[in-house]
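A.B. asks: Structure incoming, see below.
This is the structure we're talking about:
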């Protein structure tokens with residue numbers, strides 16, 4: 005199915021590819037391969053020795069996206085359902101007392117990285133032989149199905165699920181279902197955990213061309229040469245926004261939402277992401293796929309965004325001879341940034357004025373409620389170690405007020421006295437999903453800081469809250485996970 009053509013025939017002048025590669029060289033990005041596909045044709049392919057077209061490459065967390073499609077095949081066969089609790093399939097791996105949050109965790113929660121675990125427990129610990137038992141033995145951090153948190157161990161469990169239900173090795177099952185049909189995976193390998201289970205969250209090895217074929221299959225919504233290999237509906241859901249993953253409240257290349265083990269990215273694109281910059285970036289609106297392999301672990305926080313910026317700035321934006329268009333009114337009134345999301349949600353009335361009792365949490369918050377007045381201005385009311393606090397906020401607009409916590413430094417740094425002094429702040433909120441509210445608190449005093457609070461509500465009255473702060477020597481009381489229920 006995949007052919008070859010020239011950059012010009014694909015609608016991109018070679019100068020933009022040269023600019024892309026120059027930027028990679030200038031930034032010092034340690035690339036191993038780059039492949040560009042438009043339609044069904046590769047129009048550029050380059051390898052850095054000792055890598056070549058036939059050498060298999062570790063794909064790290066790109067593996068998760070393959071596992072997602074394998075799960076979709078099991079669903080197509082009617083062997084599992086998205087709503088199935090994961091504990092149903094591993095009775096022999098469970099501890100004596102399974103926490104309620106784990107009992108409630110479904111396959112869909114795991115696909116969309118909305119599990120009950122967020123602490124990042126590492127299985128790279130001496131003596132961990134059975135990673136599945138290790139996963140279920142961990143204490144939950146939050147209610148499943150409320151807020152996103154990247155749970156690599158959970159992705160491993162999905163791969164183990166595929167092996168357990170299919171009775172086959174994970175890679176063999178995927179080959180039977182779709183990889184053999186799309187081709188390129190004859191030399192592919194899958195590393196395993198100590199007990200012989202597929203290391204399904206990180207350890208697929210295949211060629212970059214094979215990865216490109218897989219990306220094309222997914223962008224074709226599971227179809228290949230007219231044959232539907234994976235349910236179209238499942239793949240469409242997998243590449244859509246199933247949960248908000250922007251708990252930082254920032255505009256970032258991988259904070260546009262998360263599907264089923266697949267990242268949404270900017271300009272209606274999606275991507276498979278692996279540690280060290282293993283990427284397949286799919287841009288359906290342009291029928292364009294970018295694949296690269298690399299090892300950027302030394303400088304990933306710089307190199308990963310640099311790759312994404314260059315892909316769009318130098319390649320995507322110039323397909324079909326398009327020129328970039330910048331639209332900024334220099335005379336417009338400048339406004340302080342506000343929360344992401346929407347001003348209104350039908351779910352708002354479900355929680356307006358409702359008190360939630362909180363489980364023990366790092367913030368020491370005992371209870372909270374959110375309320376809105378007739379002008380749709382809100383207030384976050386809660387009780388912590390200092391007593392009852394009130395933090396007003398505007399919906400998609402800032403309210404300027406005092407941040408209610410006492411004891412922060414004023415004239416002298418590192419002096420924390422309860423003398424009534426409070427920082428000036430700007431507070432806004434937005435519904436980032438129908439049932440997720442995000443507050444953005446900006447400290448705008450002689451000290452600067454940002455606090456993002458994301459409330460993820462379930463319809464059964466359970467709430468998961470994530471607080472993230474970026475500040476030098478304050479807001480430490482507002483950092484961590486919290487769960488609660490309607491009082």
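Residue numbers (this note's numbering): 5 to 491. The C-beta atom is built at its ideal place from N, Cα and C for all residues, glycine as well.
1. Does the Cβ of residue 289 lie closer than 6 Å to at least one heavy atom of the ligand ADP?
2. With 16 as the cutoff for other CB atoms within 10 Å, does residue 205 come out buried or exposed?
3. Excluding the 5 residues flanking residue 197 on each side, which residues of the same chain have their C-beta closer than 6 Å to its C-beta?
4. So, at 7 Å on beta carbons, what are the nonlocal neighbours of residue 7 in its own chain, with the 5 sequence-adjacent residues on each side left out?
5. Would you check if the stretch 457-466 and the stretch 474-481 touch, i.e. whether three or more CB-CB distances between them fall below 8 Å?
6. Taking its Cβ as the centre, do 16 or more other Cβ atoms sit within 10 Å of residue 95, making it buried, or is it exposed?
7. By the DSSP assignment, the beta strand (DSSP E) with residue 359 in it spans what residues?
8. Am I right that residue 97 and residue 140 are in contact with their C-beta atoms under 8 Å? What's the rounded C-beta distance?
9. With burial defined as no fewer than 16 other Cβ atoms inside 10 Å of the residue's Cβ, what is the status of residue 62: buried or exposed?
10. Use the C-beta contact count for residue 301: other C-beta atoms within 10 angstroms, 16 or more gives buried, fewer gives exposed.
11. Thinking residue 208 and residue 67 are a contact (beta carbons under 8 Å), I'd like their distance in whole angstroms, please.
12. If you check the beta carbons only, do residue 397 and residue 431 fall under 7 Å apart?
13. With burial defined as no fewer than 16 other Cβ atoms inside 10 Å of the residue's Cβ, what is the status of residue 115: buried or exposed?
14. Grab me the residues of residue 428's own chain with a C-beta within less than 6 Å of its C-beta, minus the 5 sequence neighbours each way, in chain order.
15. For my contact list, residue 426 and residue 407 are in at a C-beta cut-off of 8 Å; report their separation, rounded to the angstrom.
16. Skipping 5 residues on each side, what residues in its chain have a beta carbon closer than 6 Å to that of residue 244?
17. Go through its chain and collect everything with a Cβ distance to residue 214's Cβ below 6 Å, but skip five positions before and after it.
18. Within its chain, find whatever has a CB closer than 6 Å to the CB of residue 161; leave out the 5 residues flanking it on each side and keep chain order.
19. Is the distance from the Cβ of residue 148 to the Cβ of residue 125 below 7 Å?
20. Assign residue 52 to buried or exposed, taking buried as 16 or more other Cβ atoms, counted over all protein chains shown, within 10 Å of its Cβ.
21. Just the C-alpha distance for residue 327 and residue 341, rounded to the nearest angstrom, thanks.
22. Only counting runs of 3 or more residues, tell me where the beta strand (DSSP E) segments fall wholly within the stretch 7-87, in order along the chain.
23. Name the DSSP bridge partner or partners of residue 203?
C.D. replies: Taking the structure as given:
1. Among the components of this structure there are no ligands whatsoever, and the ligand ADP is therefore not found.
2. Taking the chain shown and counting its residues from 1, the one referred to as residue 205 is at position 201. Buried.
3. Indexing the chain shown from 1 puts residue 197 at position 193. Annotation for residue 197: 135, 203 place their beta carbon closer than 6 Å to its own, counting only its chain and skipping 5 residues before and after.
4. As a working mapping, residue 7 is identified with position 3 in the chain shown. Within its own chain, the residues whose Cβ lies closer than 7 Å to the Cβ of residue 7, once the five positions on either side in sequence are excluded, are 44, 45, listed in chain order.
5. no
6. Taking the first residue of the chain shown as 1, we reach residue 95 at position 91. Residue 95 comes out exposed.
7. On the chain shown, residue 359 is found 355 positions in, with the first residue counted as 1. Unbroken beta strand (DSSP E) run through residue 359: 359-362.
8. On the chain shown, residue 97 is found 93 positions in, with the first residue counted as 1. On the chain shown, residue 140 is found 136 positions in, with the first residue counted as 1. Rounded, the Cβ-Cβ distance is 6 Å, consistent with contact.
9. As a working mapping, residue 62 is identified with position 58 in the chain shown. The residue is buried, with at least 16 neighbouring Cβ atoms inside 10 Å.
10. If you number the chain shown from 1, residue 301 lands on position 297. Exposed: under 16 other Cβ atoms inside 10 Å.
11. Indexing the chain shown from 1 puts residue 208 at position 204. Indexing the chain shown from 1 puts residue 67 at position 63. Indeed, because the Cβ distance is near 4 Å, the residues count as touching under 8 Å.
12. In the chain shown, the residue the question calls residue 397 occupies position 393. In the chain shown, the residue the question calls residue 431 occupies position 427. The answer is yes: Cβ separation under 7 Å.
13. Here residue 115 corresponds to residue number 111 of the chain shown, with the count starting at 1. Looking at its Cβ environment, which holds 16 or more other Cβ atoms inside 10 Å, residue 115 is buried.
14. Residue numbering aside, residue 428 sits at position 424 when the chain shown is read from its first letter. Closer than 6 Å at the Cβ level, and outside the excluded window around residue 428, lie 448, 449.
15. On the chain shown, residue 426 is found 422 positions in, with the first residue counted as 1. On the chain shown, residue 407 is found 403 positions in, with the first residue counted as 1. Yes, they are in contact, since the Cβ atoms of residue 426 and residue 407 sit about 6 Å apart, within 8 Å.
16. The count along the chain shown starts at 1 and reaches residue 244 at position 240. The answer, listed in chain order, is 263.
17. Residue numbering aside, residue 214 sits at position 210 when the chain shown is read from its first letter. Excluding positions up to five away in sequence, the list reads 188, 189.
18. Sequence index remark: in the chain shown, residue 161 carries index 157 (1-based). Around residue 161: 139.
19. The sequence position of residue 148 within the chain shown is 144, counting from 1. The sequence position of residue 125 within the chain shown is 121, counting from 1. No, the pair does not count as a contact, with Cβ atoms beyond the cut-off.
20. For the purposes of this step, residue 52 is taken as the residue at position 48 of the chain shown. Classification for residue 52: exposed.
21. Stepping through the chain shown from its first residue, residue 327 is reached at position 323. Stepping through the chain shown from its first residue, residue 341 is reached at position 337. Roughly 28 Å separates the two Cα atoms.
22. 35-42, 45-51
23. Taking the first residue of the chain shown as position 1, residue 203 is located at position 199. BP columns for residue 203 are empty, so no partner.
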